[in-house]
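**Student:**
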Amino acid sequence: IIINEDWGRLLGYIIGDGHLSAKNHMGISCSTDYPDIIEDVKRLYQAMSLHPFEVKKKSGHVNVLVITKGVDVKATSNHLLAFLRYLNIESRSYMNTKNLCIPDIIWRSPRSVMREFLCGLFETDGTVSAGGSRLSFTTKCYRLAHDVQFALLAFGIAGKLVAKWNKQYAKNYYTVMLCREFCDIFAKELGFISAKKSAELAALIKKPHSNRYKPFDYLNPLALRMAA
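If you read the sequence shown in our numbering, its first letter stands for residue 144, the second for the next number, and so on.
Next comes the structure, spelled out in C-alpha coordinates:
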(Lines of atoms letter the chains of each structure in order from A; the text may use other names.)
(Lines give C-alpha, C1' and ligand atoms only; values in the text may rest on other atoms or scores of the structure.)
Protein backbone atom coordinates (compact mmCIF):
# COMPACT_ATOMS: atom_id res chain seq x y z
CA ILE A 144 0.00 0.00 0.00
CA ILE A 145 1.35 3.40 -0.99
CA ILE A 146 0.23 6.15 1.39
CA ASN A 147 -0.63 8.83 -1.16
CA GLU A 148 -2.65 12.04 -0.88
CA ASP A 149 -5.99 10.18 -0.95
CA TRP A 150 -4.87 8.03 1.97
CA GLY A 151 -3.74 11.16 3.81
CA ARG A 152 -7.13 12.82 3.46
CA LEU A 153 -9.01 9.64 4.39
CA LEU A 154 -6.93 9.19 7.53
CA GLY A 155 -7.65 12.81 8.44
CA TYR A 156 -11.38 12.14 8.16
CA ILE A 157 -11.02 8.94 10.19
CA ILE A 158 -9.04 10.52 13.04
CA GLY A 159 -11.55 13.39 13.18
CA ASP A 160 -14.91 11.67 12.76
CA GLY A 161 -14.29 8.00 12.04
CA HIS A 162 -15.37 4.94 13.99
CA LEU A 163 -14.36 1.31 13.57
CA SER A 164 -16.74 -1.60 13.96
CA ALA A 165 -15.93 -4.62 16.10
CA LYS A 166 -16.94 -6.64 13.04
CA ASN A 167 -15.98 -5.70 9.51
CA HIS A 168 -16.99 -2.14 8.68
CA MET A 169 -15.96 1.41 9.42
CA GLY A 170 -17.78 4.68 9.07
CA ILE A 171 -17.13 8.40 8.92
CA SER A 172 -19.70 10.70 10.47
CA CYS A 173 -20.81 13.50 8.15
CA SER A 174 -23.55 16.12 8.04
CA THR A 175 -26.09 16.75 5.31
CA ASP A 176 -25.03 20.41 5.56
CA TYR A 177 -21.86 19.31 3.77
CA PRO A 178 -22.95 17.17 0.80
CA ASP A 179 -19.60 17.70 -0.93
CA ILE A 180 -17.82 16.05 2.01
CA ILE A 181 -20.17 13.08 1.85
CA GLU A 182 -19.34 12.69 -1.84
CA ASP A 183 -15.62 13.12 -1.17
CA VAL A 184 -15.63 10.35 1.44
CA LYS A 185 -17.45 8.09 -1.01
CA ARG A 186 -14.88 8.91 -3.68
CA LEU A 187 -12.03 7.96 -1.36
CA TYR A 188 -13.68 4.64 -0.53
CA GLN A 189 -14.30 3.91 -4.21
CA ALA A 190 -10.68 4.73 -5.07
CA MET A 191 -9.81 1.79 -2.80
CA SER A 192 -12.29 -0.50 -4.59
CA LEU A 193 -14.76 -0.32 -1.71
CA HIS A 194 -18.53 0.15 -1.98
CA PRO A 195 -19.70 2.98 0.33
CA PHE A 196 -23.22 3.30 1.67
CA GLU A 197 -25.00 5.86 3.82
CA VAL A 198 -26.76 5.29 7.12
CA LYS A 199 -28.75 8.20 8.50
CA LYS A 200 -28.38 8.81 12.21
CA LYS A 201 -31.39 8.95 14.49
CA SER A 202 -31.79 10.55 17.88
CA GLY A 203 -34.23 9.08 20.40
CA HIS A 204 -36.25 11.45 22.56
CA VAL A 205 -38.96 10.02 24.80
CA ASN A 206 -39.99 7.18 22.50
CA VAL A 207 -39.82 9.46 19.45
CA LEU A 208 -37.11 8.98 16.84
CA VAL A 209 -35.94 12.27 15.40
CA ILE A 210 -34.09 12.29 12.09
CA THR A 211 -30.92 14.36 12.45
CA LYS A 212 -28.56 15.85 9.90
CA GLY A 213 -25.98 13.20 10.76
CA VAL A 214 -24.98 10.62 8.16
CA ASP A 215 -22.52 7.77 8.56
CA VAL A 216 -20.73 6.97 5.31
CA LYS A 217 -19.70 3.35 5.76
CA ALA A 218 -17.73 0.70 3.94
CA THR A 219 -17.26 -2.99 4.65
CA SER A 220 -13.75 -4.39 4.50
CA ASN A 221 -11.83 -6.70 6.82
CA HIS A 222 -8.64 -5.73 5.02
CA LEU A 223 -9.18 -1.99 5.61
CA LEU A 224 -9.89 -2.53 9.30
CA ALA A 225 -6.82 -4.73 9.66
CA PHE A 226 -4.68 -2.08 7.99
CA LEU A 227 -6.05 0.72 10.20
CA ARG A 228 -5.32 -1.38 13.27
CA TYR A 229 -1.83 -1.97 11.93
CA LEU A 230 -1.49 1.83 11.91
CA ASN A 231 -2.62 1.88 15.59
CA ILE A 232 -5.93 3.58 14.81
CA GLU A 233 -8.03 0.85 16.42
CA SER A 234 -8.63 2.86 19.61
CA ARG A 235 -10.53 5.47 17.55
CA SER A 236 -13.67 3.35 17.93
CA TYR A 237 -13.79 3.78 21.70
CA MET A 238 -14.92 7.32 22.44
CA ASN A 239 -14.22 7.17 26.17
CA THR A 240 -10.73 5.67 26.06
CA LYS A 241 -9.22 6.82 22.78
CA ASN A 242 -5.84 8.50 22.76
CA LEU A 243 -5.81 10.13 19.37
CA CYS A 244 -2.71 11.34 17.61
CA ILE A 245 -1.39 11.90 14.11
CA PRO A 246 -0.40 8.41 12.89
CA ASP A 247 3.30 7.72 12.56
CA ILE A 248 2.83 6.87 8.88
CA ILE A 249 1.68 10.46 8.24
CA TRP A 250 4.74 11.93 9.97
CA ARG A 251 6.91 9.80 7.66
CA SER A 252 5.00 10.72 4.50
CA PRO A 253 5.71 13.51 1.99
CA ARG A 254 4.53 17.04 2.77
CA SER A 255 1.71 16.72 0.22
CA VAL A 256 0.27 13.77 2.19
CA MET A 257 0.52 15.69 5.47
CA ARG A 258 -1.28 18.56 3.78
CA GLU A 259 -4.21 16.35 2.75
CA PHE A 260 -4.32 14.77 6.21
CA LEU A 261 -4.64 18.19 7.85
CA CYS A 262 -7.26 19.26 5.30
CA GLY A 263 -9.38 16.21 6.13
CA LEU A 264 -8.86 16.68 9.88
CA PHE A 265 -9.73 20.39 9.86
CA GLU A 266 -12.83 19.62 7.81
CA THR A 267 -14.12 17.50 10.70
CA ASP A 268 -13.31 19.64 13.75
CA GLY A 269 -12.01 22.88 12.29
CA THR A 270 -14.13 26.01 12.68
CA VAL A 271 -14.16 29.58 11.45
CA SER A 272 -15.40 31.69 14.38
CA ALA A 273 -18.89 33.15 14.18
CA GLY A 274 -17.43 36.64 14.10
CA GLY A 275 -15.12 35.63 11.28
CA SER A 276 -11.96 36.69 13.12
CA ARG A 277 -10.07 33.46 13.61
CA LEU A 278 -9.78 29.79 12.73
CA SER A 279 -9.49 26.93 15.21
CA PHE A 280 -9.34 23.17 15.63
CA THR A 281 -10.85 21.57 18.76
CA THR A 282 -10.49 18.08 20.21
CA LYS A 283 -10.93 16.35 23.55
CA CYS A 284 -7.47 14.78 23.20
CA TYR A 285 -4.45 16.85 24.25
CA ARG A 286 -2.01 14.69 22.30
CA LEU A 287 -3.87 15.22 19.04
CA ALA A 288 -4.10 18.98 19.63
CA HIS A 289 -0.37 19.12 20.33
CA ASP A 290 0.37 17.04 17.22
CA VAL A 291 -1.75 19.36 15.06
CA GLN A 292 -0.01 22.42 16.49
CA PHE A 293 3.37 20.88 15.64
CA ALA A 294 2.33 19.71 12.16
CA LEU A 295 1.08 23.19 11.23
CA LEU A 296 4.58 24.56 11.75
CA ALA A 297 5.65 22.69 8.59
CA PHE A 298 3.40 25.12 6.69
CA GLY A 299 4.56 28.24 8.51
CA ILE A 300 1.57 28.32 10.86
CA ALA A 301 2.18 28.91 14.60
CA GLY A 302 -1.09 28.01 16.32
CA LYS A 303 -1.80 28.74 19.98
CA LEU A 304 -2.90 25.75 22.08
CA VAL A 305 -5.44 26.53 24.80
CA ALA A 306 -7.45 24.33 27.16
CA LYS A 307 -11.04 25.08 28.12
CA TRP A 308 -13.16 23.25 30.69
CA ASN A 309 -16.34 21.72 29.30
CA LYS A 310 -19.02 21.67 31.99
CA GLN A 311 -21.27 19.26 30.10
CA TYR A 312 -18.62 16.54 29.85
CA ALA A 313 -16.62 17.58 32.94
CA LYS A 314 -13.28 17.57 31.16
CA ASN A 315 -10.94 19.83 29.26
CA TYR A 316 -11.22 20.34 25.53
CA TYR A 317 -8.17 21.55 23.64
CA THR A 318 -8.18 24.14 20.87
CA VAL A 319 -5.45 25.10 18.43
CA MET A 320 -6.23 28.72 17.56
CA LEU A 321 -4.96 30.54 14.48
CA CYS A 322 -4.78 34.32 14.60
CA ARG A 323 -5.64 36.47 11.59
CA GLU A 324 -2.15 36.32 10.06
CA PHE A 325 -2.02 32.53 10.14
CA CYS A 326 -5.53 32.27 8.70
CA ASP A 327 -4.07 33.86 5.56
CA ILE A 328 -1.33 31.23 5.44
CA PHE A 329 -3.82 28.43 6.15
CA ALA A 330 -5.95 29.54 3.21
CA LYS A 331 -2.89 29.59 0.94
CA GLU A 332 -1.16 26.40 2.07
CA LEU A 333 -4.04 24.18 3.22
CA GLY A 334 -7.61 25.41 2.91
CA PHE A 335 -10.89 23.62 3.46
CA ILE A 336 -12.45 20.96 1.25
CA SER A 337 -16.13 21.84 1.64
CA ALA A 338 -17.62 24.81 -0.22
CA LYS A 339 -19.30 26.06 2.97
CA LYS A 340 -16.16 26.28 5.12
CA SER A 341 -14.12 27.51 2.15
CA ALA A 342 -16.54 30.43 1.75
CA GLU A 343 -16.32 31.22 5.48
CA LEU A 344 -12.52 31.22 5.31
CA ALA A 345 -12.54 33.38 2.16
CA ALA A 346 -14.75 35.94 3.92
CA LEU A 347 -12.38 35.95 6.90
CA ILE A 348 -9.20 36.61 4.94
CA LYS A 349 -10.85 39.39 2.93
CA LYS A 350 -11.12 41.44 6.11
CA PRO A 351 -8.29 43.94 6.61
CA HIS A 352 -5.75 43.40 9.36
CA SER A 353 -6.12 45.49 12.49
CA ASN A 354 -3.97 48.58 13.06
CA ARG A 355 -1.98 46.60 15.64
CA TYR A 356 -0.94 43.98 13.08
CA LYS A 357 2.73 43.03 12.90
CA PRO A 358 4.13 40.08 10.94
CA PHE A 359 4.95 37.10 13.15
CA ASP A 360 8.66 36.87 13.99
CA TYR A 361 9.67 33.20 13.89
CA LEU A 362 13.11 34.08 15.29
CA ASN A 363 11.69 35.83 18.34
CA PRO A 364 11.66 33.42 21.35
CA LEU A 365 8.99 35.51 23.09
CA ALA A 366 6.68 35.31 20.06
CA LEU A 367 7.14 31.54 19.88
CA ARG A 368 6.34 31.15 23.59
CA MET A 369 3.18 33.21 23.20
CA ALA A 370 2.10 31.09 20.23
CA ALA A 371 2.68 27.90 22.22
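Ideal Cβ positions, reconstructed from N, Cα and C, are used throughout, including at glycine.
Classify Tyr188: buried if its beta carbon has 16 or more other beta carbons within 10 angstroms, exposed otherwise.
**Tutor:** Its Cβ being crowded by 16 or more others within 10 Å, Tyr188 is buried.
**Student:** Apply the 10 Å Cβ neighbour rule to Arg286 and answer buried if 16 or more other Cβ atoms are within range, or exposed otherwise.
**Tutor:** Flag for Arg286 reads exposed.
**Student:** Give the range of the beta strand (DSSP E) segment to which Ala301 is assigned.
**Tutor:** That residue, Ala301, is in no beta strand (DSSP E); it is neither H nor E in DSSP.
**Student:** If you compare alpha carbons, which of Gly151, Ala190, Lys217 is closest to Leu163?
**Tutor:** Leu163 has its Cα closest to that of Lys217, out of Gly151, Ala190, Lys217.
**Student:** What three-state label does DSSP hand Asn147 in the structure shown?
**Tutor:** In this structure, Asn147 counts as coil in the three-state DSSP scheme.
**Student:** Is Ser341 helix, strand or coil when you go by DSSP?
**Tutor:** Helix.
**Student:** Is there contact between the stretch 149 to 158 and the stretch 252 to 263, where contact requires at least three CB pairs shorter than 8 Å?
**Tutor:** Touching, yes.
**Student:** Helix, strand or coil for Lys217 per DSSP?
**Tutor:** Three-state DSSP puts Lys217 in a strand.
**Student:** Report yes or no: do three or more beta-carbon pairs, one from the stretch 281 to 299 and one from the stretch 310 to 320, lie closer than 8 Å?
**Tutor:** As far as the Cβ criterion goes, the stretch 281 to 299 touches the stretch 310 to 320, which means the pair count is three or higher.
**Student:** If you draw a straight line from the C-alpha of Gly159 to the C-alpha of Ser353, how long is it?
**Tutor:** Approximately 33 Å, taken between the alpha carbons.
**Student:** Can you give the Cα-Cα distance for Ile328 and Thr267, rounded to whole angstroms?
**Tutor:** Distance between the alpha carbons of Ile328 and Thr267 is about 19 Å.
**Student:** With DSSP run on the structure shown, which of helix, strand or coil describes Thr267?
**Tutor:** Helix, per DSSP.
**Student:** I'd like to check one pair, Asp215 with Ser172: are the Cβ atoms closer than 8 Å?
**Tutor:** Against a cut-off of 8 Å, the Cβ pair of Asp215 and Ser172 comes out as a contact.
**Student:** Hey, how far is the Cα of Lys349 from the Cα of Glu324?
**Tutor:** Roughly 12 Å separates the two Cα atoms.
**Student:** Pick helix, strand or coil for His168, following the three-state DSSP scheme.
**Tutor:** Strand at His168.
**Student:** Note the first and the last residue of the continuous beta strand (DSSP E) segment covering Leu230.
**Tutor:** Premise fails: Leu230 is in no beta strand (DSSP E) and is neither H nor E.
**Student:** Between which two residues does the alpha helix (DSSP H) harbouring Phe325 extend?
**Tutor:** 323 to 332 is the extent of the alpha helix (DSSP H) around Phe325.
**Student:** How big is the Cα-Cα spacing for Asn147 and Arg254?
**Tutor:** Rounded to whole angstroms, Asn147 to Arg254 spans 10 Å at the Cα level.
**Student:** Using the C-alpha atoms, what's the distance from Leu344 back to Thr211?
**Tutor:** Going by the C-alpha atoms only, they are around 26 Å apart.
**Student:** Do Leu333 and Arg258 have their C-beta atoms closer together than 8 Å?
**Tutor:** Their beta carbons are under 8 Å apart, which means Leu333 touches Arg258 by this criterion.
**Student:** Answer with buried or exposed for Leu295, where buried requires no fewer than 16 other C-beta atoms within 10 angstroms of its C-beta.
**Tutor:** Answer is buried; the Cβ neighbour count reaches 16.
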